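Report on one structure; see the data block that follows.
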Amino acid sequence: MSIPTSIEPKFKCYALKAPGQKVEPWAYTPRPLGPHDVEVAIDHCGVCGTDCANVFEGWASAYPFVPGHEVVGRVKTLGDQVQRFKVGDRVSVGYLAYTCDDSELCNQCQKGQDSYCVRGVPTAGGLFADGTMAYGGFAESIRVQDKHVSRVPDNLEDKYVAPLVCGGATVFNPMRRHNVQAGDRVGIVGIGGLGHLAIQFARALGAQVTAFTTKEDKRAECFEFGANHVVNINDADQVKRAAMSIDFLLVTSNSVHTDWAQLAGFMDLHSKIVLVGIPAAPLSIPVGPFLMKDLQINTSVVGDAPHVQATLDFAAEHGIRPWVEEMPMSQAHEALTYVRDGKARYRVVLNN
60 MSIPTSIEPK
70 FKCYALKAPG
80 QKVEPWAYTP
90 RPLGPHDVEV
100 AIDHCGVCGT
110 DCANVFEGWA
120 SAYPFVPGHE
130 VVGRVKTLGD
140 QVQRFKVGDR
150 VSVGYLAYTC
160 DDSELCNQCQ
170 KGQDSYCVRG
180 VPTAGGLFAD
190 GTMAYGGFAE
200 SIRVQDKHVS
210 RVPDNLEDKY
220 VAPLVCGGAT
230 VFNPMRRHNV
240 QAGDRVGIVG
250 IGGLGHLAIQ
260 FARALGAQVT
270 AFTTKEDKRA
280 ECFEFGANHV
290 VNINDADQVK
300 RAAMSIDFLL
310 VTSNSVHTDW
320 AQLAGFMDLH
330 SKIVLVGIPA
340 APLSIPVGPF
350 LMKDLQINTS
360 VVGDAPHVQA
370 TLDFAAEHGI
380 RPWVEEMPMS
390 QAHEALTYVR
400 DGKARYRVVL
410 NN
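FYI, our numbering numbers position 272 of the sequence shown as 331, with every residue one higher than the one before it.
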């Protein structure tokens, strides 16, 4: 006599099956639902620059690769140990899907620094200890560890939540960590998917915000985002007037052509520069201009679930909204190409 077995339904998704190919429909059998897992039915997923790097620049760790780590949806199924959520809750999932939670052997998890867990599994393309792969949010559903799920405030629409989960947390987290506050003079370099959000967060914190850009056609939009000043770094007069005007500079650009001596000129004494972009080549930074002003150069990685939650709550409270263009999930490859080519104004979100 045969014994009936439970067969996991396959999740439909969009995957890159091999380098150089297009992202196209695929389906996979998910990992078994663990006691602390949450299955989310995906409504929206943002398109991040990291997705483009994975697809077009060979960053993917293995194939088939399913992009997407700016997930918004509703809880569909819960593991039997999950207590924080219930079926139907609006939730988001960011860059991390799983961490080891070994409080004895993992210093990072012990300190609550999930983003740095050496055995952490990124949502899109992460590898589990058994060699299997995590598949991202360009899909109909996803399963992740409950501690990496954040609640969505009621007054935030799904399409606005997606870019905040990664892009918003990426720019807000360093502002919180470095205690940006009212009256600080904050500069934002690179007014794109990250920069347009950074302006809004800094202004909501009460800072005086200067947007640094190379594109004059973005000037009016920078003011609309909340910038107090806009400096075209290709204009010598504007650059001269901006000397010594910044206390905290967030560099969202990933350009390898950044003029670091010029950026140092914008900084006041004892001030900070934080990099959140990843250039495609090593940077060459002149030490002299930084040393003579006692400048600090810092970096910051995308936040974990508590940082994402803080980002969503702050955005909801202060009316921060990304500029988004929506496309159907079926146009995933076209959306990736659109973002890669710099055409997005300012974030692209896929919907199911």
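Using N, Cα and C, we set each Cβ at its ideal position, and we do this for glycine too. Model, not experiment: these values are computed from the prediction.
Within 8 Å, do at least three Cβ pairs link the stretch 127-146 to the stretch 322-336?
The stretch 322-336, when compared against the stretch 127-146, does not touch it at the 8 Å Cβ threshold.
Any alpha helix (DSSP H) of 4 or more consecutive residues that is wholly inside the stretch 241-272
254-263
Determine the direct distance from the alpha carbon of residue 303 to that of residue 154, and round the result to whole angstroms.
36 Å
Completely contained alpha helix (DSSP H) runs for the stretch 155-201, where each covers 4 or more residues
166-169
Test: residue 294 CB closer than 8 Å to a CB of chain D
In the structure shown, chain D cannot be found, because there is only a single protein chain.
According to DSSP, is residue 100 helix, strand or coil?
The answer is strand: DSSP assigns residue 100 an E or B state.
Quick one: using the 10 Å Cβ neighbour count with 16 as the cut-off for buried, is residue 232 buried or exposed?
buried
Measuring alpha carbon to alpha carbon, tell me which residue in 273, 274, 223 is nearest residue 259.
223
Can you look up residue 396 in the DSSP assignment and give me helix, strand or coil?
helix
Residue 368 burial status per 10 Å Cβ neighbour count (16 or more: buried):
Classification for residue 368: buried.
Please state whether the Cβ-Cβ distance between residue 208 and residue 371 is less than 8 Å.
no
With burial defined as no fewer than 16 other Cβ atoms inside 10 Å of the residue's Cβ, what is the status of residue 274: buried or exposed?
exposed
Through-space distance from residue 168 to residue 156, alpha-carbon basis:
14 Å
Spatially closest choice to residue 255 from 228, 239, 235, by CA coordinates:
Of all alpha-carbon atoms in 228, 239, 235, the one lying nearest the alpha-carbon of residue 255 is that of 228.
On the three-state DSSP scale, how would you describe residue 388?
helix
Just to confirm, is the Cβ distance from residue 113 to residue 121 under 8 Å?
no
Exposure of residue 151, with buried meaning 16 or more beta-carbon neighbours within 10 Å
buried
Those runs of the beta strand (DSSP E) which lie wholly inside the stretch 328-384 and span at least 3 residues
If we require 3 residues or more, the beta strand (DSSP E) runs fully inside the stretch 328-384 come out as 355-358.
Proximity test, residue 232 beta-carbon vs the ligand GTP heavy atom, cut-off 7 Å:
Ligands are entirely absent from the displayed structure, and the ligand GTP is therefore not among its contents.
Residue environment, residue 79, which counts as buried when at least 16 other CB atoms sit within 10 Å
exposed
Out of curiosity, what's the CA-to-CA distance linking residue 126 and residue 106?
The straight-line gap from Cα to Cα measures roughly 8 Å.
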